[in-house]
Structures are given as C-alpha cells and as structure tokens.
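J.: Residue numbers (the numbering used here): 101 to 319.
We put the beta carbon where it would ideally sit given N, CA and C, even for glycine.
Just so we're clear, the structure is a prediction, and the values are computed from it rather than from any experiment.
1. Along the chain, where does the beta strand (DSSP E) containing residue 129 start, and where does it finish?
2. DSSP state of residue 176, grouped into three classes?
3. What is the rounded straight-line gap between the Cα of residue 136 and the Cα of residue 116?
4. Using only alpha-carbon positions, find the residue among 104, 156 and 222 that is nearest to residue 192.
5. Three-state secondary structure (DSSP) at residue 241?
6. Helix, strand or coil, according to DSSP, for residue 255 in the structure here?
7. If distances are taken between C-alpha atoms only, which option among 294, 233 and 283 comes closest to residue 252?
8. If you follow the beta strand (DSSP E) that residue 294 is part of, which residue opens it and which one closes it?
9. Using the Cβ count rule (16 or more neighbours within 10 Å means buried), how would you classify residue 237?
10. So is residue 288 buried or exposed if we call it buried at 16+ other beta carbons inside 10 Å?
11. How would you call residue 235, buried or exposed, if buried means at least 16 neighbouring beta carbons within 10 angstroms?
12. Checking 9 Å against the spacing of the C-beta atoms, do residue 245 and residue 282 come in under that value?
13. Could you work out which residue in 297, 312, 240 and 258 is closest to residue 278 when comparing CA atoms only?
14. Take residue 304 as the anchor and find which of 260, 315 and 199 has the nearest alpha-carbon.
15. Leaving aside the five residues before and after residue 127 along the sequence, list all residues of the same chain whose C-beta is less than 6 Å from its C-beta, in chain order.
16. Is the Cβ-Cβ distance between residue 157 and residue 184 less than 9 Å?
17. Give the straight-line distance between the Cα atoms of residue 262 and residue 202, rounded to the nearest whole angstrom.
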C-alpha cells in the first residue's frame, strides 16, 4: 500500500528496476533498485466470557460483547491488525416450587430435604456459565380428629360409612384438604338400659300414683 520513488519514478510493486544515467566523468551509470514489498498482517481472536466476567485483549479489559481492533507493528515493520470478537454468555436461573407431607422427603440436585425452606444449588449451564437452581419447599401438615360418641345397647353408630354396635376406638385414614394423611378416630361408648321394680299395695278404694299415673286396681 506504500510507494517508493527512485530516480523520479514511483514504484508500488516488488521488483528490480534499473536507471541508466551519465556519471560525473561522462560515462554510463547504471543505478539498480531492488524493491521488496513487506506484507501487513491481521489476526482474529474469538473469545467468550460469562456475564460479569472480563477479557483482557492487548492490554485493555472488555466486559461487553463486540468486535474490537488493535493496530500494531508486525515483525517486518508493517501494520498488524488484531481483531477481538467477544461474546458474552448469559448465566441462568430456575425456581422449583414443591411440597411434601410431614415425614416425607424431597430430593433436589441429589440432596434429600425434609424441612420447609429455600435451597439454592449452583451449577453450570449449557453455555458454561453459572446456573442457579432454587428450591422452595413447603411441608404440608397431616391432621387428626377425635369423635366421642355413645349409643344405647342394641343401637348402632355410623362412622365413615361403617356401622358400629360395640364399644371401642375405631380409626379411619383419609386425605385432608392439603393432600396429607388425615386420621379420624371414633371413641364409642355403649350405654346400658336399666330396670327397677317397685312393690306397692293399697286398700280397696285407695289409689297409687306411679310415674304420674294414678292406679286403683291391682296389676
């Protein structure tokens, strides 16, 4: 891209050039030019960093994606253009919302959790940057209820679709509104009927009142 002037002529390409002149004593003078053309050079560096990292190129620190150039001098003294093509890779994140019943466990990123809380795992995503995986774990509670009931001998009591006629403690296992175990307990008592006999006597013409009723005849 440069030029060289020799004996009044400008040259831009490599070669051997001669000029025939007359020297100081009036004889032929041959002047020879041997011209070399040195080549400039260029190089391209493709690099990538994760968001928040930096890349040093030719003494300058870069943190954003782009194409950057540095102009230097190569080994033969010509221009050397160094190009940086910088890509910024993105980190990633994900959140998992999960719930378990009390007494159960949840496996997240190879670890077992049994208590409610927020748990974070730092991994590497597909582009080689940080991947933050978050678990938000809820522990749902089981429930229980107790029903105290009593019936008279000979009667029955229906509990959770089953009829009971004898005293005892009965349990039914169901699922509550949050999807966990619900234990319903029936404590059933049997009340006994009773009887009594009253022996009474009256004189003819008298009356006897029993349970609010007046009686005048034997029976």
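T.: With the structure as the only source:
1. Working through the chain shown from its first residue, we reach residue 129 at position 29. That run of the beta strand (DSSP E) goes 128 to 135.
2. For the purposes of this step, residue 176 is taken as residue 76 along the chain shown, with counting starting at 1. Looking at residue 176 - three-state DSSP - the assignment turns out to be coil, as it is neither helix nor strand.
3. Position 36 of the chain shown, counting from 1, holds the residue named residue 136. Position 16 of the chain shown, counting from 1, holds the residue named residue 116. Answer to the nearest angstrom: the Cα atoms are 9 Å apart.
4. Here the question's residue 192 lines up with position 92 in the chain shown. Checked all of 104, 156 and 222; the closest Cα to residue 192 is 222.
5. Indexing the chain shown from 1 puts residue 241 at position 141. Coil, per DSSP.
6. Within the chain shown, numbered from 1, the residue matching residue 255 stands at position 155. If DSSP states are grouped into helix, strand and coil, residue 255 belongs with coil.
7. Locating residue 252 in the chain shown gives position 152, where the first residue counts as 1. Nearest to residue 252 by alpha-carbon distance, out of 294, 233 and 283, is 294.
8. Position 194 of the chain shown, counted from the start, is the residue given in the question as residue 294. Neither: residue 294 is in no beta strand (DSSP E) and is coded neither H nor E.
9. Here residue 237 refers to the residue found at position 137 when the chain shown is read from its first residue. Buried.
10. Here residue 288 is taken as the residue at index 188 of the chain shown, counted from 1. Taking every protein chain shown into account, the CB of residue 288 has 16 or more other CB atoms within 10 angstroms, so this residue is buried.
11. Working through the chain shown from its first residue, we reach residue 235 at position 135. So residue 235 ends up on the buried side.
12. The residue given as residue 245 occupies position 145 in the chain shown. The residue given as residue 282 occupies position 182 in the chain shown. Result yes, Cβ atoms of residue 245 and residue 282 sit closer than 9 Å.
13. The residue you call residue 278 lines up with position 178 of the chain shown. Nearest option by C-alpha distance: 240.
14. Position 204 of the chain shown holds residue 304. Looking at 260, 315 and 199, the one whose alpha-carbon comes closest to that of residue 304 is 315.
15. Counted from its first residue, the chain shown places residue 127 at position 27. Result list for residue 127: empty, nothing under 6 Å.
16. Stepping through the chain shown from its first residue, residue 157 is reached at position 57. Stepping through the chain shown from its first residue, residue 184 is reached at position 84. In this structure, residue 157 places its C-beta atom within 9 Å of the C-beta atom of residue 184.
17. Within the chain shown, residue 262 is the residue found at index 162, counting from 1. Within the chain shown, residue 202 is the residue found at index 102, counting from 1. If I take the Cα positions, the gap works out to 28 Å.
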